[in-house]
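S.K.: In the working numbering, the protein residues as written are 6 to 161.
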Amino acid sequence: MTGKNRNGTTFWNMVLMLPGFSIYFLIIILPIFMCFYFGFFDWDGIRDTMTFIGLDNFVKALHDVNFLTSLKTTFFFSIPGTLIVNSLGILLAVLVNARSRMTNFYRSAFFFPMLISGVAIGFIWKALLSYSGVVNTLLTHLNVEAIDFLGSLALA
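1. How about the stretch 144 to 152 and the stretch 117 to 126: do they share at least three Cβ pairs that are nearer than 8 Å?
2. For a test of the three-state rule: what should DSSP assign to M6, helix, strand or coil?
3. State whether the stretch 59 to 66 contacts the stretch 42 to 51, with contact taken as three or more CB pairs (one from each stretch) at a distance under 8 Å.
4. Return helix, strand or coil for T56, following the three-state DSSP convention.
5. Considering only their Cβ atoms, is the gap separating F115 from V101 smaller than 7 Å?
6. Where do the ends of the alpha helix (DSSP H) carrying V149 lie?
7. Under three-state DSSP, which class holds D49?
8. Buried or exposed: where does N141 fall if 16 or more other Cβ atoms within 10 Å of its Cβ makes it buried?
9. Where I28 and F72 are concerned, what is the direct C-alpha to C-alpha distance, given to the nearest angstrom?
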């Protein structure tokens, strides 16, 4: 048998995988390659003409303070975030799968938040952090000036 079992399911597996892979390719992979390709040209996205400039855009980016700051911020959030999320995921998987008196509690605590809609959670946070929300009401009662959490660029 050459990569295919008796009733040809390998072919049908590939056919059924094709739509999902095509969408993934069009939305994720192709734009990444296009960004890399356009990085070698002087082009504003509007003009018809593109001038090849080689690595100049990449060199300019590496000397731009704003780019380096954003790169540092991205690494600061992505690397620890990835490590924390994966560590917690493994810990929760072990706790949910373990056989103990607390197994049912762990399973309930883990799956209960999945029942709450993301939209509802968004509305709750908006109600908490709006300028006249719960957090700012508590701050004004403590004689602290209200903070514009949702309207400030610095806090966003």
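Cβ coordinates follow ideal geometry from the N, Cα and C atoms, glycine included.
Treat the numbers as computed from the prediction; the structure is a model and nothing was measured.
M.R.: In short:
1. no
2. The predicted model places M6 with a pLDDT of 46, which falls under 50 and marks its position as unreliable, so this point remains unresolved.
3. yes
4. strand
5. yes
6. Element bounds for V149: n/a, residue is neither H nor E.
7. coil
8. buried
9. 30 Å
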